[in-house]
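J.:
Residue numbers (the UniProt record's numbering): 1 to 346.
1) Using 9 angstroms as the threshold, is the C-beta distance between residue 182 and residue 298 below it?
2) Whole alpha helix (DSSP H) runs in the UniProt domain "TRUD" (161 to 307) with 4 or more residues, listed along the chain?
3) Using a Cβ-Cβ cut-off of 8 angstroms (strictly less than) and excluding sequence neighbours within five positions of residue 36, which residues of its own chain qualify?
4) Whole angstroms is fine: what's the gap from residue 314's alpha carbon to residue 12's?
5) Helix, strand or coil: which one does DSSP assign to residue 155?
6) Nearest to residue 19 by alpha carbon, out of 56, 146 and 103?
7) Please classify residue 6 as buried or exposed, where buried requires at least 16 other C-beta atoms within 10 Å of its C-beta.
8) Determine the closest residue to residue 86 out of 34, 209 and 48, with distance taken between C-alpha atoms.
9) Give me, in chain order, the residues of the same chain whose beta-carbon lies closer than 6 angstroms to that of residue 82; leave out the 5 immediate sequence neighbours on both sides.
10) What are the boundary residues of the beta strand (DSSP E) that residue 137 is part of?
11) Using only CA atoms, which one of 272, 268, 302 and 280 lies nearest to residue 294?
12) Using only the alpha-carbon positions, how far apart do residue 252 and residue 225 sit?
13) Per DSSP, what are the beta-bridge partners of residue 35 in this structure?
14) For residue 240, which option in 66, 198 and 229 has the closest C-alpha, if you only look at C-alpha atoms?
15) Would residue 137 pass as a contact of residue 308 if the rule is Cβ separation under 9 angstroms?
16) Considering just the uninterrupted stretch of the beta strand (DSSP E) at residue 313, what are its terminal residues?
17) Check whether the segment 58 to 74 and the segment 121 to 130 touch, using three or more Cβ-Cβ pairs below 8 angstroms as the test.
18) Which residue from 22, 344, 116 and 25 puts its Cα closest to that of residue 49?
19) What residues are listed by DSSP as bridge partners for residue 342?
20) So does the segment 203 to 214 actually touch the segment 281 to 288, counting three or more Cβ pairs closer than 8 angstroms?
21) Might you give, ordered along the chain, the residues of its own chain that have their beta carbon closer than 8 angstroms to the beta carbon of residue 44, omitting 5 neighbours on each side?
22) State whether the segment 259 to 268 contacts the segment 300 to 307, with contact taken as three or more CB pairs (one from each stretch) at a distance under 8 angstroms.
23) Rounded to the nearest angstrom, what separates residue 262 and residue 210 at their Cα positions?
24) Hey, would you say residue 259 sits closer than 9 angstroms to residue 275, going by beta carbons?
25) Does the Cβ of residue 38 have 16 or more other Cβ atoms within 10 Å, making it buried, or fewer, making it exposed?
26) Can you name, in chain order, every residue of its own chain whose Cβ lies under 7 angstroms from the Cβ of residue 195, other than the five neighbours on each side?
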């Protein structure tokens, strides 16, 4: 199975940014706060902890919490993976049936470079993907933020959204996660070789980005094609647009629904006509990878091709700019940033 060339040429929807910029020079430049959309109930076997971490990945955070609470890592749950080189706040759950947390838990966590902000009981473990989204506060610098076009580009992004690409962190430095995924899939994927499913995810994300990139080149990434699978905004509800009309086009333009691209795996695509032809063309171009994903047993799914930053704000402070916005779970802030500035990691 050939390994895709890296780095890929995934186009921007709003044209190439005019000049380079800087971001994430220090962790405090990239602040992420998880948005659950609900609150712990106040009682139950699981202790939920609202934590702040700096320059620390979520899996390592979970291990440190497990040690502090004297439980095994499998007793710790979290909703989503947060960036390592950042300041992030998120909930973790710890299974503590019939017993209290250590009385010095805050001190233990502080010694592990983790800040305990809040705690509450809940009947269930925190599961992956149950959060609604994430709130970002990003500090940017460089020539891009003082360029006359910066503010107008930001307004276009607020109004039109951006292609919902998976971010570069999904693929690892120099695409090494994708390289490893191709090797494992060529031999036949086994759970013991990829316990967290990270490599499967890298392969599926790459194919999705390839499909989305083709739609961006065609200029129809934010429009419904005949036979398009559409996703209701803010949900995972899907329906097929057999023959898009003016009313449906208006709903897409308003952001009420979004075209939804395929995440490859086992199972038939529900797309029809023009939308199906695009998927079939990409499937043929990456036949070995698509077949291996189907054989792995992972099921096909859908992801919106477009994402819009919600509650978006921009504040200039001299030669720096601070962005604030909320994205739904699974969306990457880097997909927004790459439409605003040029940077080697974007």
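Beta carbons: idealized from backbone N, C-alpha and C, even for Gly.
T.: Considering the structure as presented:
1) no
2) 176 to 187, 198 to 218, 246 to 254, 273 to 285 and 287 to 296
3) 79, 91, 130, 131 and 132
4) 21 angstroms
5) helix
6) 146
7) exposed
8) 34
9) 32, 58, 88 and 90
10) 133 to 141
11) 268
12) 11 angstroms
13) 133
14) 229
15) no
16) 310 to 317
17) no
18) 116
19) 20
20) yes
21) 121, 122, 123 and 124
22) yes
23) 11 angstroms
24) yes
25) exposed
26) none
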